[in-house]
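First comes the structure, then the notes that go with it.
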Amino acid sequence: MDFKNTIYYKIGRASELSGRDRFWYRSLEILPGFLTWGTILAMFLIPFFFPYFGSIFIILFDLYWLLKIFYFSIYLYQNWRKTKHNMELDWQERLVHFKYDHLYHLILLPFYNESKEVVEKSLESLSFVRYDKRKMIVVLASEEKAGDDAREIVEKMKGRFTDTFGNFLVTVHPKNIPGEMSGKGSNIAYAVEEVRKNIIDQNHIPYENIIVSAFDIDTVCLPDYFNCLTWNFLTAENPYRSSFQPVPLYNNNLWDTHAFSRISSTSNTLFQMMQQERPEQLETFSSHSMSFKALYEIGYWQKNMVSEDSRIFWNALLAYNGDYKVIPMAYPISMDANLAPSFWQTVKSIYKQQRRWSWGVENVPYVIFGFIKNKMMPLKKKIIFTYVLLDGFWTRSMGSIIILLSGWLILWLGGKGFNSTILSYNLPIITGNLMKITMVGLILSAIVSFGFLPPHPKALGFKQKIIFCLQWLFIPFLVIIFGSIPSIDAQTRLMFGKYMGFWVTPKHRK
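Per this note's numbering, the sequence shown starts with residue -4, numbered consecutively.
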């Protein structure tokens, strides 16, 4: 079955279907929230009715969490060493024995209302790369609705960078197109088609000779980034059935933002590094790359949903009946950590960003429904990816809450009979000792994060350095405030059909 030609391929939500298909898709939209809220309800009911069973479960769950932290720490350490090693390599030298002058890099930079400084820094980083810039097609993908300030920035960028690259194109995504959701996906899908018509086809460039990089507008590349990407493309087993994922760092403004913002951003980096050591579970995130041939065949990014960066992977996986994967590059790019003009605006911005990332839960119904409809994809892959998706979103929303609260709930709700038992006495001691051991993982995370810090500003005082070291002590609380709660928020919205639109994270610079 050619799945990409079915009505299910570019579904954004249940309301786009009818009849039985709509019922089942809607049921799958409810599933993640049902699992999460079912767990929350069980956290209160089980201690009250079955405190012994609940205590054993908590001990086993804490032990499971401890083992998970240990093997995640191993993955993190491996990717840390690999990434540091790759940053020290001369990737241009590694390409000497390859033929690659036929390859073009198409870089998409979706732009809405960001400042001139943000846009200019990203384009400058592209102008400094060591790849042949005559083979680079750079697209500043603007929005019609952005207004006069954005148009003024676009004109300045055109004046400065038009002659820097082989092609520099500005596109203007029209507003209020029926069937589209305003956001990054619809913008870059429009932009890449404009490039195809006006540059690629007119210059008769073969589609298989183009590597597309969909970047966020604040993405800053290291000089060897495109040499590293080219090497990974040329050495891939099947580059036309692969996406290429760098490690996202948030170093552009790391020293300017607040401690909780640094923790939030760095935690995401560490998670992505661990995922790079599990490529069978890796999906595309934020800035990523893929062959234009594959991108054209699967119909570009979806225009009717929020999580276009991860959905493009699931689109490809279903379109090619499971014959698609993400190749980890173990090489960094840099973006902005969340920063707003004031402290509370930054708190609000981080929460909204984390909720938008958690809205990736909209992939759960799409993927499972697609697995049901696609009869040609191997059953084993369907089962593995279904488990990975559900486990990932459930763990993000409930893992930390269970660790921090369940043991105390059992003591509070277990009753006098349970609280007089030896198990009740030993429960906080056992769980406390298990959690102390997991601190090893937290220490390793802090050490790894120090390895990727940008240079210290001269004005950074001793007090700020101490704060940077001590900020990791707050992670158990921040992971609930900026991890579990926005994740539950997103799942609950999906469960009740309160669909989210695309929210653009403000890019503030001091």
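Cβ coordinates follow ideal geometry from the N, Cα and C atoms, glycine included.
Please list the terminal residues of the continuous alpha helix (DSSP H) segment that includes residue i.
| i | result |
| --- | --- |
| GLU147 | 143 to 156 |
| HIS80 | 46 to 83 |
| THR166 | Not the alpha helix (DSSP H): THR166 falls in the beta strand (DSSP E), residues 162 to 168. |
| TYR494 | Where TYR494 is concerned, there is no enclosing alpha helix (DSSP H), given that its DSSP letter is neither H nor E. |
| LEU290 | 287 to 292 |
| ALA441 | 417 to 445 |
| ASP304 | 303 to 314 |
| ILE405 | 402 to 408 |
| VAL513 | Outside the shown range of the chain, which is -4 to 505, sits residue 513, and nothing can be said about it. |
What's the gap between the Cα of residue i and the Cα of residue j?
| i | j | result |
| --- | --- | --- |
| PHE48 | LEU384 | 27 Å |
| THR31 | GLN486 | 8 Å |
| THR1 | ILE378 | 22 Å |
| ILE328 | THR78 | 11 Å |
| GLU175 | THR500 | 20 Å |
| TYR326 | GLN197 | 34 Å |
| ARG17 | VAL443 | 46 Å |
| LEU135 | LYS153 | 9 Å |
| PRO481 | PHE388 | 11 Å |
| LEU404 | GLU303 | 39 Å |
| SER110 | ILE345 | 19 Å |
| LEU334 | ASN247 | 11 Å |
| PHE29 | PHE287 | 38 Å |
| LEU84 | PHE266 | 24 Å |
| ILE102 | ILE172 | 24 Å |
| ASP484 | ASP213 | 27 Å |
| PHE380 | TYR202 | 30 Å |
| LEU26 | TRP19 | 11 Å |
| LEU164 | ILE183 | 13 Å |
| PHE160 | VAL114 | 16 Å |
| ASP144 | ASN108 | 8 Å |
| LYS151 | SER22 | 49 Å |
Is the beta carbon of residue j closer than 9 Å to that of residue i?
| i | j | result |
| --- | --- | --- |
| TYR291 | ARG191 | yes |
| SER208 | SER305 | no |
| ALA141 | ARG257 | no |
| SER395 | GLY478 | yes |
| VAL133 | LEU90 | no |
| CYS216 | VAL124 | yes |
| SER260 | VAL474 | no |
| VAL167 | SER120 | no |
| LEU408 | PHE39 | yes |
| ARG350 | MET495 | yes |
| LYS63 | TYR99 | no |
| ALA37 | GLU24 | no |
Can you tell me whether residue i is buried or exposed, with buried defined as 16 or more other CB within 10 angstroms of its CB?
| i | result |
| --- | --- |
| PHE469 | exposed |
| ASP158 | exposed |
| SER68 | buried |
| ILE205 | buried |
| ASN428 | exposed |
| HIS451 | exposed |
| ILE432 | exposed |
| ASN233 | exposed |
| THR230 | exposed |
| SER440 | buried |
| GLY436 | buried |
| LEU465 | exposed |
| ASN369 | buried |
| GLY365 | buried |
| ARG488 | buried |
| LYS343 | exposed |
| ASP211 | buried |
| ILE438 | exposed |
| ASN193 | exposed |
| LEU374 | exposed |
| LYS5 | buried |
Mind checking which residues open and close the beta strand (DSSP E) that includes residue i?
| i | result |
| --- | --- |
| MET324 | 320 to 329 |
| ILE132 | 131 to 138 |
| VAL242 | 237 to 244 |
| PRO105 | 99 to 105 |
| ILE205 | 205 to 209 |
Three or more C-beta pairs closer than 8 Å, one from the stretch 270 to 282 and one from the stretch 234 to 246: is that the case here?
The stretch 270 to 282, when compared against the stretch 234 to 246, does touch it at the 8 Å Cβ threshold.
Decide yes or no for the touch test of the stretch 267 to 277 against the stretch 348 to 363: beta carbon pairs closer than 8 Å, at least 3 of them.
With a cut-off of 8 Å, the stretch 348 to 363 and the stretch 267 to 277 do not count as touching, because too few Cβ pairs lie within range.
Should the stretch 51 to 61 be regarded as contacting the stretch 221 to 237, the criterion being three or more beta carbon pairs within less than 8 Å?
Segments in contact, no.
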